[in-house]
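K.L.:
Shown below is the structure under consideration.
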Amino acid sequence: MTEEERKKADARRERWAKRDLKRGGTQPATSFTTHQTPFGPYNERPGRGGAPYISSNKDQYPGTQGDDRYVREEGNEFTGLIPTLDADHFPHLVEALKGGQLSEEDIDKLSDEQCRAAAMLIGIASAEAVREPGAIKHIRSALRRQANPEHEAPEFLNDFPQARIGGAQHEKRVRAGKARRSTPEVETILEASSSSDESMSSS
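The numbering of the sequence shown is our numbering, which starts it at 177 and goes up by one.
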């Protein structure tokens with residue numbers, strides 16, 4: 177990874193943030209609200225620092241366990257929202273995050289647990305954008321990388337460091353020169369879009 181590529185990634189990530197702010201940004205939660213997604217509902221309520229706290233429950237998804245973390249390691253297995261989904265589910269999730277239409281066939285391929293995970297990820301992506309403008313485009317690119325069956329779930333945390341425990345300040349630290357983007361993060365940002373879709377609101 178060259179310094180030129182790192183600088184390009186920094187500039188692109190900053191451009192996403194400025195674009196979001198110019199459009200008014202993602203608004204913080206002001207009350208308990210249930211949102212509908214193609215996969216099912218998720219709930220948001222005001223959280224610390226203004227970012228929404230995202231949740232779902234067994235009444236909304238009967239028979240599911242649910243997990244609000246991206247990835248967690250338990251023994252020799254990985255659990256959480258990302259590992260719950262299969263590689264071929266991530267393109268549909270990204271399409272939903274862009275506001276695209278999904279077919280009933282696309283949704284029917286997912287179990288109830290997977291629908292819950294996908295809906296939660298949509299809600300959490302919006303919450304991440306409140307914490308740090310420009311985050312939705314970054315997280316979409318990280319989720320696209322999960323569509324590769326060989327891209328393991330824990331790698332998501334390298335592609336999108338804001339998802340790490342304590343990672344909410346990552347972008348601010350990078351901009352302040354107190355942290356440096358890793359190679360996976362730079363690759364994720366540079367893979368996010370072509371110049372043709374940089375001008376699109378849903379890119």
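Here a beta-carbon is modelled for each residue, glycine too, at the ideal position from N, C-alpha and C.
As the structure is a computational prediction, the values presented were derived from the model and not from experiment.
Is it the case that the Cβ atoms of Val247 and Phe332 are separated by a distance below 8 Å?
P.N.:
What you label residue 247 is simply residue 71 of the sequence shown in a count that begins at 1. What you label residue 332 is simply residue 156 of the sequence shown in a count that begins at 1. It is a contact, given that the beta carbons lie within the stated cut-off.
K.L.:
Can you give the beta carbon distance from Ser302 to Pro222, rounded, assuming they're within the 8 Å contact cut?
P.N.:
Within the sequence shown, numbered from 1, the residue matching residue 302 stands at position 126. Within the sequence shown, numbered from 1, the residue matching residue 222 stands at position 46. Not confirmed; about 14 Å, so no contact.
K.L.:
State the Cα-Cα distance for the pair Leu297 and Leu257, rounded to the nearest angstrom.
P.N.:
The residue labelled residue 297 in the question sits at position 121 within the sequence shown. The residue labelled residue 257 in the question sits at position 81 within the sequence shown. So the alpha carbons of these two residues sit roughly 7 Å apart.
K.L.:
Is the beta carbon of Leu273 less than 8 Å from the beta carbon of Ile300?
P.N.:
Mapped onto the sequence shown, residue 273 falls at position 97. Mapped onto the sequence shown, residue 300 falls at position 124. In this structure, Ile300 does not lie closer than 8 Å to Leu273 by Cβ.
K.L.:
Go through its chain and collect everything with a Cβ distance to Ser378's Cβ below 7 Å, but skip five positions before and after it.
P.N.:
Stepping through the sequence shown from its first residue, residue 378 is reached at position 202. With a pLDDT of only 41 at Ser378, under 50, the local geometry of the prediction cannot be trusted, and no value is derived from it.
K.L.:
Taking 8 Å as the cut-off, does the stretch 251-265 touch the stretch 311-329 (at least 3 CB pairs, one atom from each stretch)?
P.N.:
yes
K.L.:
Along the chain, where does the alpha helix (DSSP H) containing Gln290 start, and where does it finish?
P.N.:
In the sequence shown, counting from the first residue as 1, residue 290 sits at position 114. It spans 288-307 - the alpha helix (DSSP H) in which Gln290 sits, taken as one unbroken run.
K.L.:
In whole angstroms, what separates the C-alpha of Ala305 from that of Gly201?
P.N.:
As a first step, residue 305 must be located in the sequence shown, where it is residue number 129. As a first step, residue 201 must be located in the sequence shown, where it is residue number 25. Taking the straight line from one Cα to the other gives about 8 Å.
K.L.:
How many Å lie between Ala191 and Lys183 at the Cα?
P.N.:
The residue you call residue 191 lines up with position 15 of the sequence shown. The residue you call residue 183 lines up with position 7 of the sequence shown. Note that residue 191 corresponds to Arg in the displayed sequence, not to Ala. Going from the Cα of Arg191 to the Cα of Lys183 covers about 12 Å.
K.L.:
Quick one, which of Arg320, His314, Glu280, Leu197 has its alpha-carbon nearest His346's?
P.N.:
For the purposes of this step, residue 346 is taken as residue 170 along the sequence shown, with counting starting at 1. Ranking the options by Cα distance to His346, first place goes to His314.
K.L.:
Can you tell me whether Phe208 is buried or exposed, with buried defined as 16 or more other CB within 10 angstroms of its CB?
P.N.:
Working through the sequence shown from its first residue, we reach residue 208 at position 32. It is exposed - the Cβ of Phe208 has fewer than 16 other Cβ atoms within 10 Å.
K.L.:
Taking the runs of the beta strand (DSSP E) that are 3 residues or longer, which of them lie wholly in the stretch 247-291?
P.N.:
248-250, 253-255
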